[in-house]
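Q: Encoded as structure tokens, here's the structure I'll be asking about.
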Amino acid sequence: MTRVTVWNEFRHEKTDAKVQSMYPDGIHGQISQFLTAAGFEVTTATLDEAEHGLTAEVLEKTDVLIWWGHKAHEEVADEIVESVHQKVLEGMGLIVLHSGHFSKIFKKLMGTSCDLKWREDDRHARIWNINPSHPIVAGIGECIELEQEEMYGEHFDIPAPDELIFVSWFPGGEVFRSGCTFSRGNGKIFYFQPGHETYNSYYNKKVQQVIINAVNWAKATDNIQPAYGHFDALEK
Ligand code: ZN
């Protein structure tokens, strides 16, 4: 069974009534609910736990890590970022959601600022599936329509993705590469834009399906580590 750890900053849900009413069990609670229903073995981890809930033991038992953070990226300890980074290189899948674009771990893996344009204007968004044969879009159809989502606009300062999965359109005229895959070492990474804390995107069935599909895509398929360094010839 695929083991998923859902990491959430979990600060805003404790202090802001609007966020609390949207996600009473925390964003991690809502995400773990639909992932558990999909048949995954799910645990959660949050910023204020010891080692942010990401001890070596937890990471050892994680096939795919999901990351949601917003206002406290700088409070994530560098040692934890380092151990998550190492696990990704060894083959742990990583799904970075929404404002996680500015997390230390995503910026470290990308090597760029990961900056973008943003605006909270309570308007709708259309997330276009531009890679219809990809496993992450199975069952999604041509487009996901969200009644409200935060605008994220280009330019998004990331390296060219290995695969572009979704491009979003916003009513202000902006577009955004909202679903991108990357590989680093043995690890697969998926960035997915929806999920502002005051909007109901994680209750949307298609958004849930994308994250479920992404877990199945990102999990390691082979734990064989390549050999590096000096290498004796195989032939005499
Ligand atoms: Zn947001």
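Take the sequence shown: its position 166, counting from 1, is numbered 316 in this note's numbering, and each next residue is one higher.
C-beta: ideal position from N, C-alpha, C; glycine also.
1. Would you kindly report the start and end of the unbroken beta strand (DSSP E) that includes Val317?
2. Looking at ligand 1, does it come within less than 6 angstroms of Glu300, judged from the CB to the closest heavy atom?
3. Go through its chain and collect everything with a Cβ distance to Ile230's Cβ below 8 angstroms, but skip five positions before and after it.
4. Do Phe326 and Glu292 have their C-beta atoms within less than 7 angstroms of each other?
5. Taking only the alpha-carbon atoms, compute the straight-line gap between Val226 and Gly289 and give it to the nearest angstrom.
6. Once DSSP output is grouped into helix, strand and coil, what is the label at Thr186?
7. Considering just the uninterrupted stretch of the alpha helix (DSSP H) at Thr165, what are its terminal residues?
8. Return helix, strand or coil for Met172, following the three-state DSSP convention.
9. Would Ile216 and Ile255 be called neighbours here (beta carbons separated by less than 7 angstroms)?
10. Beta-carbon separation of Glu207 and Met151 under 7 angstroms?
11. Going by the C-beta, is His346 closer than 6 angstroms to any heavy atom of ligand 1?
12. Would you decide whether Pro376 is buried or exposed? Buried here means 16 or more other CB atoms lie within 10 Å of its CB.
13. At a threshold of 6 angstroms, does Ser351 count as lining ligand 1 (C-beta to nearest heavy atom)?
14. To which residues of the same chain is Val115 closer than 7 angstroms at the C-beta, ignoring the five residues directly before and after it?
A: The answer reads as follows:
1. Indexing the sequence shown from 1 puts residue 317 at position 167. Start and end: 313–319.
2. Here residue 300 corresponds to residue number 150 of the sequence shown, with the count starting at 1. Yes - ligand 1 has a heavy atom lying nearer than 6 angstroms to the Cβ of Glu300.
3. What you label residue 230 is simply residue 80 of the sequence shown in a count that begins at 1. Excluding residues within five positions, the ones whose Cβ falls inside 8 angstroms are Glu201, His202, Leu204.
4. Locating residue 326 in the sequence shown gives position 176, where the first residue counts as 1. Locating residue 292 in the sequence shown gives position 142, where the first residue counts as 1. Contact: no.
5. The residue labelled residue 226 in the question sits at position 76 within the sequence shown. The residue labelled residue 289 in the question sits at position 139 within the sequence shown. Distance between the alpha carbons of Val226 and Gly289 is about 35 angstroms.
6. For the purposes of this step, residue 186 is identified with residue 36 of the sequence shown, where counting begins at 1. Thr186: helix per DSSP, three-state reduction.
7. Against the sequence shown, residue 165 aligns to sequence position 15. Element bounds for Thr165: 162–165.
8. For the purposes of this step, residue 172 is taken as the residue at position 22 of the sequence shown. If DSSP states are grouped into helix, strand and coil, Met172 belongs with the helices.
9. Sequence index remark: in the sequence shown, residue 216 carries index 66 (1-based). Sequence index remark: in the sequence shown, residue 255 carries index 105 (1-based). No. Outside cutoff.
10. Residue mapping note: residue 207 aligns to position 57 of the sequence shown, counting from 1. Residue mapping note: residue 151 aligns to position 1 of the sequence shown, counting from 1. No, the Cβ-Cβ distance between Glu207 and Met151 is not below 7 angstroms.
11. Within the sequence shown, residue 346 is the residue found at index 196, counting from 1. His346 Cβ: within cutoff of ligand 1.
12. Residue 376 sits at position 226 when you count from the first residue of the sequence shown. Answer is exposed; the Cβ neighbour count stays below 16.
13. Translated into the one-based positions of the sequence shown, residue 351 becomes position 201. Outside the cutoff, so no.
14. Past the boundaries of the shown model lies residue 115; the chain is included only from 151 to 386, so the question cannot be answered.
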